[in-house]
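Please read the structure below before turning to the comments.
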Amino acid sequence: MPLLEPKPGALRPRTPSGPAPDRVPDRRSTGTPEPLRSELAELLGAGKVLSGVSDLVRYASDASPYRFLPQVVVIAEDIDDVSAVLSYAHGKQREVVFRAAGTSLNGQAQGEDILVDVRRHWAGVEVLEEDLRARIQPGTTVVRANAALARHGRVLGPDPASAIACTLGGVVANNASGMTAGTTRNSYRTLSSLTFVLPSGTVVDTADPLADGELAHAEPALCHGLMEIKREIEADPELVARIRAKYEIKNTTGYRLDAYLDGATPVEILRGLMVGSEGTLGFIAEVVFDTLPLDRELTSALLFFPSLPAAAAAVPLFNEAGALAVELMDGNTLRASVSVAGVPADWAALPKDTTALLVEFRAPDEAGRAEYERRAAGVLAGLDLVAPVASVTNAFTRDARTISGYWKARKAFVTAVGGARASGTTLITEDFAVPPSRLAEACEALLELQAEHGFDAAVAGHAAHGNLHFLLAFDAARPADVERYAAFMDAFCRLTVERFDGSLKAEHSTGRNMAPFLELEWGPRATEMMWRTKRIIDPDLVLAPRILLDRDPKAHLRGLKTIPQVEAVADPCIECGFCEPTCPSEDLTTTPRQRIVLRREMMRQQPGSPVLGGLLDAYGYDAVDTCAGDSTCKLACPVGIDTGALMKDFRHRRHSPREERAAELAALRFGAVEVAARLAVAAADKITDAVGDGILRAVTGAARKAVRPDLVPEWLPQVPGAAARKLPVTRRAGAAAVYYPACVNRIFGGPDGTSGPSLPEAVVAVSERAGRPVWIPGDVRGTCCATIWHSKGYDAGNRVMANRIVEAAWGWTAGGRLPMVVDASSCTLGIAHEVVPYLTDDNRALHSELRIVDSVVWAAEELLPHLEVRRTVGSAVLHPTCSMRHLDDEAQLRAVAEACADEVVVPYDAGCCAFAGDRGMLHPELTESATAREAAEVTAREFDAHLSANRMCEVGMDRATGRSYYSALLELERATRP
190 MPLLEPKPGA LRPRTPSGPA PDRVPDRRST GTPEPLRSEL AELLGAGKVL
240 SGVSDLVRYA SDASPYRFLP QVVVIAEDID DVSAVLSYAH GKQREVVFRA
290 AGTSLNGQAQ GEDILVDVRR HWAGVEVLEE DLRARIQPGT TVVRANAALA
340 RHGRVLGPDP ASAIACTLGG VVANNASGMT AGTTRNSYRT LSSLTFVLPS
390 GTVVDTADPL ADGELAHAEP ALCHGLMEIK REIEADPELV ARIRAKYEIK
440 NTTGYRLDAY LDGATPVEIL RGLMVGSEGT LGFIAEVVFD TLPLDRELTS
490 ALLFFPSLPA AAAAVPLFNE AGALAVELMD GNTLRASVSV AGVPADWAAL
540 PKDTTALLVE FRAPDEAGRA EYERRAAGVL AGLDLVAPVA SVTNAFTRDA
590 RTISGYWKAR KAFVTAVGGA RASGTTLITE DFAVPPSRLA EACEALLELQ
640 AEHGFDAAVA GHAAHGNLHF LLAFDAARPA DVERYAAFMD AFCRLTVERF
690 DGSLKAEHST GRNMAPFLEL EWGPRATEMM WRTKRIIDPD LVLAPRILLD
740 RDPKAHLRGL KTIPQVEAVA DPCIECGFCE PTCPSEDLTT TPRQRIVLRR
790 EMMRQQPGSP VLGGLLDAYG YDAVDTCAGD STCKLACPVG IDTGALMKDF
840 RHRRHSPREE RAAELAALRF GAVEVAARLA VAAADKITDA VGDGILRAVT
890 GAARKAVRPD LVPEWLPQVP GAAARKLPVT RRAGAAAVYY PACVNRIFGG
940 PDGTSGPSLP EAVVAVSERA GRPVWIPGDV RGTCCATIWH SKGYDAGNRV
990 MANRIVEAAW GWTAGGRLPM VVDASSCTLG IAHEVVPYLT DDNRALHSEL
1040 RIVDSVVWAA EELLPHLEVR RTVGSAVLHP TCSMRHLDDE AQLRAVAEAC
1090 ADEVVVPYDA GCCAFAGDRG MLHPELTESA TAREAAEVTA REFDAHLSAN
1140 RMCEVGMDRA TGRSYYSALL ELERATRP
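FYI, the numbering for the sequence shown is 190 to 1167, going by the working numbering.
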């Protein structure tokens, strides 16, 4: 064991709430049982089988209120893997559930036996047929697919609020629709074809003209059974009419029985049945969508009404005017939304009954938008709106930023309300639809029912389509609370069906919590046809039993998860999964959601349990060490949960007093440390020039084993040589700004094998050229942005350097009179924001007067207008850093690049490189995993320049792509050089 290996017990919960009734039992502490583990490893390869207790726990939760522990998790890479698992399950009488993003709200992504991850290796978009169609892999997020389509002026029909995280396989499998899809733009209506794997292993491509013949040969009984049901339905006019009527409004309850009416052959019927089948009939391996025009001319308004029924009554007026979206948010939703960045703080003071409608019109051109604005004005004139707080305008706008803010608040409904729930309570999301003409009546009935059962739910939804969502919170650990929820559900389902003839699930699919009520909505005959459909296609009930069909009347009460309290920064998490696509470690170890899920399971356990021990043993590497600490999860989370900050705190907890003191001394004596570091880099450069990288890799490898991998960096060939010993000479007199070369650029030089100025020389030269000269203080050495200590959780050293840099900056900038330009985006973020919690009160006051400017912002806003571009490169690819996302200056990076290159490309899959200072050298596997998709895009073609704005991120991308990345300011200097 390494000398300084941290003790897992340092992360032991300080105030465990266990033992909880739903804790993982001790017998599961060894993970996947034998022979299941070894048989699957032999069948698929050990690397595709996750079997530790930590693996099983992190896959046991999704965005729903349920939790089921799988026996094993399989990472399927292709259809052959899926077919092999299905064959194995048939032979061993086992069950299989497929999971992609895990954003489902009704437990569809959870299984109790073999759980198959079909997200990691299943991403990709291909635009087809003059941009009218798109072939999409099932693990591709909706946002990623639409980004590819946007360049062609197209968009997908389904637009769920979870588009940032949910995948197209799940969207189709649940027939998820969203804000604008309604009944005409959803998956069922816009899916051109799909490829799926039946439970038997048979693969069907519905676009293949020979598909029906091949299916009849491979599955004759299946084909006969489907056609028999079709004949029975068509022979019953009353049933046909009932089926057609059910789909006049949004409905995802049960199987799509209209597939039997719309499809003429078994393959066509299966194509329809797969939509909304929740993985119970087969695995969707590929989808081809008919895309829709992307209308870019928008006008939107957020309109406030005195009550929920009053708002609902206005919905038909906007529908008639042609609004594409009419979204409703009640008072509870609006008030909870103040936790979302950008939402006006005064919404917290909105009266209880206040309700808002977000109305949006979209047109292909300016004339169309003007006509919509005319219609909207006519509707507004007849409405009795209210403005209970100052931020309310009740007016239509074209401003893109304002419109984006409205949608951000609306899409955060589940997470914002969930984050505001009482700590320790479980969140239930319900989703129903009624005829739009009866929406106001349904709202009144829902409010009465909630009050009767002691709930004060938050309500929001797609009012244009009569589709509402409401959220309930209760304590799943208290039997009385569970009984209250059960009574409410019984009454709610009867109300929806018997009074309104509505849909119990409009777009979230049946799931575990509505399966027991399927017959209530559809009646015995139609329900029995759904059971027959399941038995025909999956006679051994291998796929996802109990998720869509379940005869147990209390099935919706089984597996409800408790939510034990965890650290304050993470406690609001509802496990929605919005954070996962942005996480650098999602394909290597754990995601932010999984880190919190694992922490909650630790809290459920009693002290000393073997399950707790197993979780702690794995958590150090899987959660803490391989977190890049970039906090992009905070940006993706609608309520700003910063799991990266939690992992930094855990790193701090693992430090011994001696480690903390050593880190503090390094901060106190950073001048000497900086000099030593530059000399070491210079020496290493000479060694590699003389004898290659082998010696340094061997030395650092041995040191990592002896000391600790998380403390000793691994030598990488891409590490640049040393920076020049002296910084450029500048003058304070006449300077437009203070220029602070970050310590990383004082230690490391630019790309190897390139001529031209260093980054500090380039910044000085281009600023002088623009008539905005900068001054480098003579005493910058020995100072730092403090990120070195902050990222590793060394609090004492962080405080030392944070206060030092602010005091120095105050003096350099003459008390904030001059801006301070920083040439590394992570250092800009550190000085501008991350140092603040560690400052003394006096220095916090000084900091508030400083203007910290990132170098790309300085270049884009202060230099470009005064520069003459004399030469450009043909193409440039950008790597926007995660710090730039926090600083919101990606647009400025693009502006600088567009001045220097004829073509500028930002990869669709650009994200955090996870190099994170030196973490890419401590855990090279993290950067390799984090950059894999971006690197594949970059290396698929040639570029003349590879630009970024942070030296170590550039090193990380060098390693990932084999290309040479450098600062965009170096390219700007070259482009404007006389």
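Cβ coordinates follow ideal geometry from the N, Cα and C atoms, glycine included.
Just so it is clear, the structure is predicted and the values come from calculations on it, not from any experiment.
| Item | Value |
| --- | --- |
| Tell me the start and end of each unbroken alpha helix (DSSP H) in the stretch 815-888 that is at least 4 residues and wholly inside, in chain order. | 821-825, 832-843, 846-857, 859-880 |
| Can you give me the start and stop residues for the beta strand (DSSP E) that G656 sits inside? | The displayed chain sequence assigns Asn, not Gly, to residue 656. 656-663 is the span of the beta strand (DSSP E), which, as asked, contains N656. |
| Please report the distance separating the alpha-carbon of V578 from that of L737. | 44 Å |
| Could you check where the alpha helix (DSSP H) with R1152 kicks off and where it finishes? | From DSSP, R1152 is part of no alpha helix (DSSP H); its letter is neither H nor E. |
| DSSP three-state call for E486: helix, strand or coil? | strand |
| Are the CB atoms of P398 and L357 within a distance shorter than 9 Å? | no |
| Since R324 is in the beta strand (DSSP E), which residue starts that stretch and which ends it? | 322-325 |
| Quick one: give me the first and last residue of the beta strand (DSSP E) that D739 is part of. | That residue, D739, is in no beta strand (DSSP E); it is neither H nor E in DSSP. |
| Could you give the DSSP three-state label for G1041: helix, strand or coil? | With the sequence shown as reference, residue 1041 is identified as Ile, and Gly is not the correct amino acid for it. DSSP places I1041 in strand when its eight states are reduced to three. |
| Suppose you measure from the CA of F257 to the CA of S381; what does that come to, to the nearest Å? | 34 Å |
| If you count every other CB in all the chains shown that lies within 10 Å of the CB of G367, and 16 or more means buried, which is it? | buried |
| Does the count of Cβ pairs from the stretch 929-937 and the stretch 1005-1013 closer than 8 Å reach three? | yes |
| Let me check one thing: in DSSP terms, what residues is V173 bridge-paired to? | Given that the chain is displayed from residue 190 to residue 1167, the structure contains no residue 173 and the question cannot be resolved. |
| Name the residue from L470, L1056, R212 whose alpha carbon lies nearest to the alpha carbon of W720. | L470 |
| List the endpoints of the continuous beta strand (DSSP E) containing L446. | That residue, L446, is in no beta strand (DSSP E); it is neither H nor E in DSSP. |
| Near N702, what residues of its chain come up, given a Cβ to Cβ distance below 6 Å and the 5 sequence neighbours on each side ignored? | N295, H745 |
| Go through its chain and collect everything with a Cβ distance to L801's Cβ below 7 Å, but skip five positions before and after it. | M791, Q794 |
| Would you kindly check if the distance between the Cβ of L275 and the Cβ of S376 is under 9 Å? | no |
| S243 lies in the alpha helix (DSSP H); which residues open and close that run? | 242-247 |
| Would you call the CB atoms of G938 and A954 closer than 9 Å? | no |
| Do L684 and I617 have their C-beta atoms closer together than 9 Å? | no |
| Looking only at its chain, what residues have a beta carbon closer than 7 Å to the beta carbon of T815, apart from the 5 residues adjacent to it on each side? | S774, L777, T778, H1112, L1115 |
| Can you give me the start and stop residues for the beta strand (DSSP E) that S381 sits inside? | 380-386 |
| Need the endpoints of the alpha helix (DSSP H) that V800 sits in, please. | 799-808 |
| Check this for me: beta carbons of G557 and D484, under 9 Å apart or not? | yes |
| Can you tell me which of the three DSSP states W964 falls into? | strand |
| Considering only C-alpha positions, which residue in the set E619, D535, R587 is nearest to S580? | D535 |
| On the DSSP bridge assignment, give the partners of D348 in chain order. | G367 |
| Cα-Cα, which of L404, G613, D447 is closest to R420? | D447 |
| I need the DSSP call for H697, collapsed to helix, strand or coil. | coil |
| From this set, S947, A925, K915, which residue's C-alpha is nearest P909's C-alpha? | S947 |
| For the alpha helix (DSSP H) that contains T1128, what are its first and last residues? | 1121-1128 |
| Rounded to a whole number of angstroms, what is the C-alpha to C-alpha distance between G529 and V623? | Correcting the residue type first, residue 529 is Val in the shown sequence and not Gly. Approximately 30 Å, taken between the alpha carbons. |
| With a Cβ-Cβ cutoff of 9 Å, do N335 and E696 count as a contact? | no |
| Would you mind listing the beta strand (DSSP E) stretches within the stretch 460-484 that are 3+ residues and don't spill past its ends, in chain order? | 472-479 |
| Using alpha carbons as the reference points, say which of G818, R842, H841 lies closest to G833. | G818 |
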